[in-house]
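Using my numbering, you'd call the opening residue of the sequence shown number 9 and step up by one each time.
Here's the structure we're looking at; comments come further down.
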Amino acid sequence: MRPIHRRLAAAAAGLVLLPAALVGCGIGGGDEDESTGKPERAPAEEAGTRSRERVQAYLDAMTAKDVAAGRSQLCELLHEGFDLGATGPNGDFADHFEVPEAAITDVRSGPRGQEVSVSVSVTAGKRKATRPLVFTVTRDGGDWCITGEAPGDAPPASPSPGDAVPSPPS
9 MRPIHRRLAA
19 AAAGLVLLPA
29 ALVGCGIGGG
39 DEDESTGKPE
49 RAPAEEAGTR
59 SRERVQAYLD
69 AMTAKDVAAG
79 RSQLCELLHE
89 GFDLGATGPN
99 GDFADHFEVP
109 EAAITDVRSG
119 PRGQEVSVSV
129 SVTAGKRKAT
139 RPLVFTVTRD
149 GGDWCITGEA
159 PGDAPPASPS
169 PGDAVPSPPS
């Protein structure tokens with residue numbers, strides 16, 4: 009009879025301690041911070057969102073020719089090089105061309121951070137060109153910043169028949 013009493017006592021003690029153990033593990037209880045009002049994002053989702061925000065701010069700065077706003081999107085390591093070349097003949101903020109259109113086309117995780125692909129249309133006088141670029145964005149301390157800009161993959165030379173989009177009537 010004694011072994012049965014010990015098993016019952018152990019089971020009762022386990023049932024009494026189970027709710028306390030579950031609350032300690034974060035299951036149940038009401039101690040969660042309700043002030044934020046929104047759930048935490050998954051790290052990959054946050055990385056994609058923050059990268060997109062940084063690159064969009066940089067593209068907006070290019071369009072507005074706002075050098076300071078563009079510089080603020082870059083990691084500190086790139087500031088000196090940016091200061092030397094941003095308004096030069098081939099810089100993103102050069103005076104002799106305008107950026108009438110710039111759009112983010114893709115965001116994905118890459119070997120050096122988040123890779124944000126963009127399509128940038130540039131006009132210089134009567135000439136217009138659209139170029140693909142890839143920005144690399146990483147986390148630097150508690151913030152996200154652009155760590156690199158490189159030419160992107162060229163768009164296909166001609167669309168396949170299934171990809172053709174009819175042009176609107178003139």
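Quick reminder that beta carbons are idealized off the backbone N, C-alpha and C, glycines included.
Q | Identity of the residue in Leu85, Arg120, Asp100 nearest Ala55 by Cα | A | Within the sequence shown, residue 55 is the residue found at index 47, counting from 1. Residue Arg120 holds the alpha-carbon nearest to the alpha-carbon of Ala55 among Leu85, Arg120, Asp100.
**Q.** Segments of 3+ residues assigned as beta strand (DSSP E) that fall wholly inside the segment 76-151
**A.** Runs found: 106-118, 121-132, 135-148.
Q: Work out the CA separation of Val63 and Val128 for me, nearest whole Å.
A: Position 120 of the sequence shown, counted from the start, is the residue given in the question as residue 128. Position 55 of the sequence shown, counted from the start, is the residue given in the question as residue 63. Approximately 12 Å, taken between the alpha carbons.
**Q.** Environment of Asp1 [buried if 16+ CB atoms lie within 10 Å]
**A.** Limits of the chain in this structure are 9 at one end and 178 at the other, which puts residue 1 out of reach.
Q: Give the secondary structure of Gly156 by DSSP, where H, G and I count as helix, E and B as strand, and everything else as coil.
A: The count along the sequence shown starts at 1 and reaches residue 156 at position 148. Three-state DSSP puts Gly156 in a strand.
Q: Would you mind giving the Cβ-Cβ distance between Val130 and Ile112, rounded to the nearest angstrom? I have them listed as a contact below 8 Å.
A: As a first step, residue 130 is located in the sequence shown; it is residue number 122 there, counting from the start. As a first step, residue 112 is located in the sequence shown; it is residue number 104 there, counting from the start. Contact check for Val130 and Ile112: beta-carbon distance about 16 Å, past the 8 Å limit, so the pair fails to qualify.
Q | Thr71 vs Ala110 beta-carbon contact at 8 Å | A | Numbered from its first residue, the sequence shown carries residue 71 at position 63. Numbered from its first residue, the sequence shown carries residue 110 at position 102. Closer than 8 Å, so yes.
Q.
Using a 10 Å radius around the Cβ and a threshold of 16 neighbouring Cβ atoms, would you call Thr144 buried or exposed?
A. For this step, residue 144 is matched to residue 136 along the sequence shown. Result: buried.
Q. In this structure, does DSSP put Asp74 in helix, strand or coil?
A. In the sequence shown, residue 74 corresponds to position 66, counting from 1. Assigned with DSSP and collapsed to three states, Asp74 falls in coil, not helix or strand.
(Q) Measuring only the C-alpha atoms, how far is Ser117 from Val142? (A) Here residue 117 refers to the residue found at position 109 when the sequence shown is read from its first residue. Here residue 142 refers to the residue found at position 134 when the sequence shown is read from its first residue. Each residue's alpha carbon lies about 12 Å from the other.
Q: To the nearest angstrom, report how far apart Pro135 and Lys73 are at their CA atoms.
A: To locate residue 135, count along the sequence shown from 1; it is residue 127. To locate residue 73, count along the sequence shown from 1; it is residue 65. A quick correction: the sequence has Arg, not Pro, at residue 135. Rounded to whole angstroms, the separation of the alpha carbons of Lys73 and Arg135 is 19 Å.
Q) Val126 and Leu82: beta carbons closer than 8 Å? A) If you number the sequence shown from 1, residue 126 lands on position 118. If you number the sequence shown from 1, residue 82 lands on position 74. Cβ distance not < 8 Å, so Val126 and Leu82 don't count as in contact.
(Q) Whole angstroms are fine: how far does the CA of Pro108 sit from the CA of Gly156? (A) For the purposes of this step, residue 156 is taken as the residue at position 148 of the sequence shown. For the purposes of this step, residue 108 is taken as the residue at position 100 of the sequence shown. Taking the straight line from one Cα to the other gives about 22 Å.
(Q) For Gly149 and Glu84, I'd like the C-alpha separation in whole angstroms. (A) Residue numbering aside, residue 149 sits at position 141 when the sequence shown is read from its first letter. Residue numbering aside, residue 84 sits at position 76 when the sequence shown is read from its first letter. Linking Gly149 to Glu84 through their CA atoms gives a straight-line distance of about 11 Å.
Q) Is the CB-CB distance between Ser95 and Val75 below 8 Å? A) Position 87 of the sequence shown holds residue 95. Position 67 of the sequence shown holds residue 75. Per the sequence shown, the amino acid found at residue 95 is Thr instead of Ser. When the beta-carbon positions are compared, Thr95 and Val75 come within less than 8 Å of each other.
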